[in-house]
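Residue numbers (the numbering used here), protein chains in the order written: chain A, 83 to 623; chain B, 83 to 623. Read the structure below first, then the notes.
Okay, here's the thing in structure tokens:
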């Protein structure tokens, strides 16, 4: 919102209502909030519809109202609807990602952590290389000549950033938990990778590229990944500790909820202050808060946080799509790009084709390699699933737009080809969100849900986990027959490393973490809470 | 927050972190959010303390950290901490007032509506006249000569604006419901009156004052009051109707909560757009939403809205006090006022004395007049209660500061005496909030709560309401003995007009409003909700 005001504050001071603030700001806020209400109502009415969702509704409503504003003001109002990177990165993105971490199915996420890291890190690098190379090879032929090598690399980084927000809306965590955790988890890690790549491209010295540069990049990425994660975990644990220690026995819902909100946001800001990936930080702080802090607060605080975070995230998402839709019709950019419709379409379709190819180039190979290592048939990723992973990650969103602005609009000498890059980015984002976003739901239904054979899912390997836990407990109780049992559990540990890591973590958690930071079963009162019980019963089934 | 950014955006573009936004913004946000967390924790630790509360903690923490920032930056950083009227009026105030309307005890509020209106309208006008006159008479003698007649009148309007935010914190709705409803209700109505007065002073033609001017002002006030209220009621009813009609049977907590939030905020913005009192609008939209909309949503939505609105309001309040505290040490203002400590103290104490006198001049007379009309001993306002009403409304807050900035800082030629007025306003606000705020709680304890005799309260006249309702119901059932009953109920209506109005409203509500807009008992599922049940039992007792 401050974007609107910053722009508006440059208007003459005479345009003032009697109520101490700018009339234009108030009008813009009114329009935005009325449109948000309309999005929610229309989105609800379209609930049964397979093709539409809130993102697409918001995008189209934004486009429509942008057009109306343009008509009413006769092409003058584009300044009012400037896309602001600050607004996006400071206020809209953090609640979305925090909520995603807060509501994510932790077990599913950590079970697939190796796949998520492979997709998120190596996949993004592969995609970056292919897009950069493709742009370098194709753009000269279709008449875009003014870009430097640095710009080509930046385009690669910009279009490697997937849109985790839209993924959240088209994939359903309950219906397709495996795909959701893979695609969404990849999106979060992908963010860190994209930022590292983008910053690296900005600072890289193109004249002195050697093997050392790649090593340096890897080092930077590892530093970024681990410190960001650690900061998020520390923030989450701190909030759990404070609430457990201070509020013990005399809870106040408002203070608890406020403290959780503020500490999550503070962790994001601190990460940005330290040039880390705030998104990773706030994601992990959300995970830790839902694991510890959430169990230390009162029943009403639990319900409130669960729904309030989801609501704020929902409003932010809708706001972003509305914003992108309205911004797309910014007439100045289209004018200053000065490109013919042909060139625009050529550039946009080249970029989109490269996005498709770049994503295919890592989803299918990495999945196949993983399948080679899995013996059991049920744990393999089928081709249909690979196809959906590829498809659902093609959407580009606000991150891409924000990065594109940062690269092509912030420089003082914005050339016509820079504007062309921005308008092409907008076309790619709109096309991928509207077309791919609306087809994804029916596609998943057609490919997966109507299919009767059980897929790779959490149901297939839970029994062995239960088996394992049973063994370990037995082991502790009756030590006389322990040696054969220990052998068996050791064998299980060798064959199912992921599951045993999870088991060991549970043991560590129960013995050391929960007594200090609280968590399920470690606070005096444990009235049944909707999600807690559901998760519990799921884990014990 | 956009205030920080607007200021920061004027800094050279080189000061940029790698993460696409200004380092200074991020630092400011970090400091603010860390301080907010500290306020909540310290406020909780001081919970048992009678003298301190969150407002005072925040104010002192803000002062302290403002001092630290000033020391660290060697007196350079004052620009970072500019008080922004936009931030205050657009983002911080609406949630506070909306929440107050949402959580207010409606019965208590409407029972005392005549007193609230008397205090809020006539009281504010009396206070405005006394302060303007006093300033006019005293200021010339203590060396402040450059103010115009318009400025004197503006000062009267500025210092007649009480601080409803601080009142919410020092008075307890459960312990002293009568006082709370009077003082807080007055604060809300007072806001509308102050804005009318302030705007009238801005636009008044001092050369042509006649009896017509006063009449015009009255007309403006009545228009403002009724249209603002109507807009709030319409917004509330609309939200109730939409949720009842659209979401019937298939509720979604996130969408319901989002819709309530957005529609409340939209009503505030629309009121500001139409130059009405947004505060009155959002207050009444809160009342209507808690009466209708709140009963149409799911149980989780009820808990979520109740606590989420309270939390957001709590964060905003703390933020305001922190902000005022930090802003108080803005070194530029103190320098440019150029006044000696003596003049500063003289101006501030004159203003504060006038505030005290101006408030006394209407609280005691109006209360006495009201007492003359009340026959029964239990319904009279005792002197001790009058004293607390006077005392609790003396605090001036962020509204006063915002109006003072608007009057004395926005003009292009800020003279040293304009700066003096601003610094004096800050002194008055700090002094009244810290000293009066901290003494109020112990004072109420000493004067009222330890006293055993029952005071004027809702308990004293509820039996007669119950009696009346019983009569009306009897009346409807058995029409043969109706005439004598009707006479008796008519007599009751004459002696207790307030109660019968409430009864008639209940009847109208049950027959016409609730079937359309929902509400308690008019939605298919009515699981017990904490406040709803408490209110119900209270009303039937």
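We treat Cβ as the ideally placed atom computed from N, Cα and C, and that holds for glycine.
Q: Could you list the residues in the segment 239-266 of chain A with a C-beta less than 8 Å from some C-beta on chain B, going in chain order?
A: none
Q: Give every residue of the same chain whose Cβ lies closer than 6 Å to the Cβ of residue 83/B, excluding the five residues on either side of it in the sequence, and list them in chain order.
A: Because the pLDDT of residue 83/B is 39, which lies under 50, any placement of that residue in the model is unreliable, and the number read from its coordinates should be weighed accordingly. So the list is empty, once near-sequence residues are dropped.
(Q) Along the segment 332-350 of chain A, where does the CB come closer than 8 Å to a CB of chain B? Name the residues. (A) 332, 334, 335, 336, 337, 339, 340, 341, 343, 344, 345, 347 and 348
Q: Kindly indicate which three-state DSSP category residue 358/A falls into: helix, strand or coil?
A: coil
Q | Residues from the segment 305-324 of chain A in contact with chain B, defined by Cβ distance under 7 Å | A | 324
Q: Report yes or no: do the segment 110-130 of chain A and the segment 343-363 of chain B share at least 3 C-beta pairs separated by less than 8 Å?
A: yes
Q: Give the single residue among 324/A, 337/A and 356/A whose Cα lies nearest to the Cα of residue 305/A.
A: 356/A
Q. Can you list the residues of chain A that residue 377/B reaches, using a CB-CB cut of under 8 Å?
A. Residues of chain A passing the Cβ test: none, with the nearest at roughly 17 Å.
Q: Report the neighbours of residue 115/A on chain B: residues whose CB is nearer than 7 Å to its CB, in chain order.
A: 344, 347, 348 and 351
Q) Where do the ends of the alpha helix (DSSP H) carrying residue 207/B lie? A) 206-221
Q. Looking at the unbroken alpha helix (DSSP H) that takes in residue 477/A, where does it start and where does it end?
A. Element bounds for residue 477/A: n/a, residue is neither H nor E.
Q.
Tell me which residues share the same chain as residue 445/A and place their Cβ nearer than 8 Å to its Cβ, disregarding the 5 neighbours each side in the sequence.
A. 201, 205, 468, 471, 472 and 475
Q.
To the nearest angstrom, how far is the alpha carbon of residue 141/B from that of residue 528/A?
A. 60 Å
Q: Grab me the residues of residue 484/A's own chain with a C-beta within less than 8 Å of its C-beta, minus the 5 sequence neighbours each way, in chain order.
A: 165, 167, 170 and 171
Q: For residue 299/B, decide whether its Cβ has a neighbour in chain A, counting only Cβ atoms nearer than 9 Å.
A: no
**Q.** Contacting positions in the segment 384-396 of chain B - beta carbon closer than 7 Å to chain A
**A.** 385, 386, 389, 390, 392, 393 and 396
Q: Note down, one range per segment and in chain order, each alpha helix (DSSP H) of at least 4 residues found wholly within the segment 490-530 of chain B.
A: 498-513 and 519-526
**Q.** Per-residue contacts from residue 141/A into chain B (C-beta, under 8 Å)
**A.** Near residue 141/A there are no residues of chain B at all, since even the closest Cβ is about 18 Å away, more than 8 Å.
Q) Nearest to residue 231/A by alpha carbon, out of 223/A, 437/A, 219/A and 225/A? A) 219/A
Q.
Counting only Cβ pairs nearer than 7 Å, list the residues of chain A close to residue 123/B.
A. 324 and 328
(Q) Please report whether the beta-carbon of residue 135/B lies at a distance below 9 Å from any beta-carbon of chain A. (A) no
Q) Alpha carbon to alpha carbon, how far is residue 149/B from residue 173/A? A) 28 Å
**Q.** Stretch-stretch touch, CB-based, cutoff 8 Å, three pairs: the segment 233-244 of chain A with the segment 208-215 of chain A
**A.** yes
**Q.** Inter-residue CB distance, residue 121/B and residue 143/B (contact presumed, cutoff 8 Å)
**A.** 6 Å
Q: Report buried or exposed for residue 248/B, applying the criterion of at least 16 other Cβ atoms within 10 angstroms of its Cβ.
A: buried
Q) Quick one: what's got a C-beta closer than 6 Å to residue 283/B's C-beta in the same chain, skipping five residues either side? A) 235, 236 and 239
Q) How big is the Cα-Cα spacing for residue 300/A and residue 368/A? A) 26 Å
(Q) Short of 8 Å Cβ to Cβ, which residues in the segment 349-374 of chain B face chain A? (A) 351, 352, 354, 355, 357 and 360
(Q) Out of 600/A, 359/A and 380/A, which one is the CA nearest neighbour of residue 179/A? (A) 359/A
Q.
Tell me the rounded alpha-carbon separation between residue 215/A and residue 309/A.
A. 31 Å
Q: Closer than 7 Å by beta-carbon distance: list the chain B residues that pair up with residue 109/A, in chain order.
A: 355
Q) Along chain B, which residues have their Cβ under 8 Å away from the Cβ of residue 126/A? A) 328, 329, 334 and 337
Q. Between the beta-carbon of residue 279/A and the beta-carbon of residue 480/A, is there less than 9 Å?
A. no
Q. In chain B, which residues lie less than 7 Å from residue 118/A when you measure between Cβ atoms?
A. 344
Q. Between the segment 312-325 of chain A and the segment 584-601 of chain A, do three or more beta carbon pairs fall short of 8 Å?
A. yes
Q.
For residue 221/A and residue 434/A, what's the separation of their Cα atoms in angstroms?
A. 13 Å
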